[in-house]
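Residue numbers (the working numbering): 23 to 305.
If you want it as structure tokens, here you go:
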């Protein structure tokens with residue numbers, strides 16, 4: 023079984039997680055730029071973070087046989103902080119990097135005018151750079167947030183078929199599907215979807231253009247949730263081809279829209295990244 027986790031924040035995870043993910047079948051991940059849990063106080067802190075998504079994290083993942091790509095953006099929560107918004111002017115120099123396969127996470131947190139501006143600006147950047155977009159739907163007022171999101175996408179230069187709307191659930195899936203966007207579901211303890219609910223949605227709406235992710239981060243989360251969904255699908259009667267479609271071919275097709283997806287991983291070795299290895303006491 024091969025698994026592609028299309029939304030996971032490995033910067034927050036340990037190398038033990040990479041080992042466990044590989045053993046579970048994970049062979050590729052996409053790590054979206056996101057909020058780190060406390061406010062950033064200057065644009066420069068974003069740039070160091072973006073550089074780590076483009077350098078250190080792909081190096082670390084490769085040591086465990088996992089291909090790592092990222093998406094780059096000003097996230098919705100920090101779009102409200104005027105200390106952070108100058109990042110929008112610097113995004114173009116990151117969006118040309120080979121390892122960037124989408125603009126994201128963008129979207130809404132509290133549905134403010136500042137978030138409107140950031141979303142519209144970054145959808146235009148995605149269109150300008152011929153990249154797809156990964157869109158975060160808000161944790162509160164999800165249906166209203168989804169409708170507002172779709173309206174802004176429709177007004178943009180980016181086609182709906184190049185947008186992945188994430189963090190969907192039972193209240194938002196139908197309208198998201200009807201919009202023509204790709205459908206993303208985060209399987210995450212307590213606050214988002216679980217395995218059984220995910221299987222029920224697959225039964226009701228089908229597996230086409232559906233991407234399932236763990237969204238694992240610094241909160242109470244589980245980087246093996248993709249494999250647990252696969253096991254739940256098997257238990258409910260889906261076959262290996264259905265699982266391969268949802269957990270591999272769909273994310274490959276969506277992020278392949280960037281023209282940058284590279285799934286070959288060099289053999290783990292003793293190489294270093296800018297003089298550093300992943301080993302304590304190493305170079």
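Every residue, glycine too, gets a C-beta built ideally from N, C-alpha and C.
Is it true that the CB of residue j sits closer than 8 Å to the CB of residue i?
i: residue 254; j: residue 230; result: no
i: residue 105; j: residue 64; result: yes
i: residue 87; j: residue 49; result: yes
i: residue 93; j: residue 118; result: no
i: residue 208; j: residue 29; result: yes
i: residue 238; j: residue 245; result: yes
i: residue 79; j: residue 36; result: no
i: residue 95; j: residue 128; result: yes
i: residue 186; j: residue 276; result: yes
i: residue 133; j: residue 170; result: yes
i: residue 101; j: residue 148; result: no
i: residue 283; j: residue 123; result: yes
i: residue 145; j: residue 175; result: yes
i: residue 68; j: residue 31; result: no
i: residue 83; j: residue 51; result: yes
i: residue 47; j: residue 249; result: yes
State buried or exposed for residue i, treating a residue as buried only when at least 16 other CB atoms are found within 10 Å of its CB.
i: residue 194; result: buried
i: residue 262; result: exposed
i: residue 155; result: buried
i: residue 196; result: exposed
i: residue 177; result: exposed
i: residue 190; result: buried
i: residue 311; result: An answer regarding residue 311 cannot be provided, because it is not within the stretch 23 to 305 covered by the chain.
i: residue 273; result: buried
i: residue 225; result: exposed
i: residue 288; result: exposed
i: residue 305; result: The predicted position of residue 305 is uncertain, since its pLDDT is 43 and thus under 50; a value taken from the coordinates is nonetheless stated next. Under this definition residue 305 is an exposed residue.
i: residue 167; result: buried
i: residue 240; result: exposed
i: residue 98; result: buried
i: residue 173; result: exposed
i: residue 269; result: buried
i: residue 38; result: exposed
i: residue 192; result: exposed
i: residue 302; result: In this prediction, residue 302 scores a pLDDT of 49, lower than 50, which makes its location untrustworthy; the coordinate-derived value is nonetheless stated afterwards. Its Cβ having fewer than 16 others within 10 Å, residue 302 is exposed.
i: residue 165; result: exposed
i: residue 200; result: exposed
i: residue 257; result: exposed
i: residue 131; result: buried
Just checking: is the beta-carbon of residue i within a distance shorter than 8 Å of some beta-carbon in chain D?
i: residue 279; result: The chain labelled as chain D is not found in the depicted structure, where only one protein chain is given.
From the DSSP output, in three-state form, read off residue i for me.
i: residue 36; result: coil
i: residue 278; result: helix
i: residue 302; result: Since pLDDT at residue 302 reaches only 49, below the 50 mark, its modelled position is unreliable, and the value read off the structure follows with that caveat. Coil.
i: residue 253; result: helix
i: residue 224; result: helix
i: residue 30; result: coil
i: residue 287; result: coil
Whose CA, out of the options, lies closest to the CA of residue i?
i: residue 66; options: 112, 34, 51 and 28; result: 112
i: residue 184; options: 26, 244 and 278; result: 278
i: residue 212; options: 72, 141 and 247; result: 247
i: residue 206; options: 199, 188, 264 and 109; result: 188
i: residue 45; options: 24, 54, 282 and 215; result: 24
i: residue 222; options: 200, 198, 249 and 259; result: 259
i: residue 53; options: 159, 236, 216 and 242; result: 236
i: residue 121; options: 146, 249, 74 and 138; result: 74
i: residue 216; options: 200, 243 and 158; result: 243
For the stretch 121-182, which segments carrying the alpha helix (DSSP H) assignment without a break, of at least 4 residues, lie completely within its bounds, in sequence order? 135-150 and 164-177
Where are the beta strand (DSSP E) runs, 3 residues long or more, that stay fully inside the stretch 34-84, in chain order? 48-54
My parser needs the beta strand (DSSP E) runs of 3 or more residues fully inside the stretch 80-110; what are they? 89-94
At which residue ranges does the stretch 182-249 contain complete alpha helix (DSSP H) runs of 4 or more residues, listed in the order of the chain? 195-201 and 217-227
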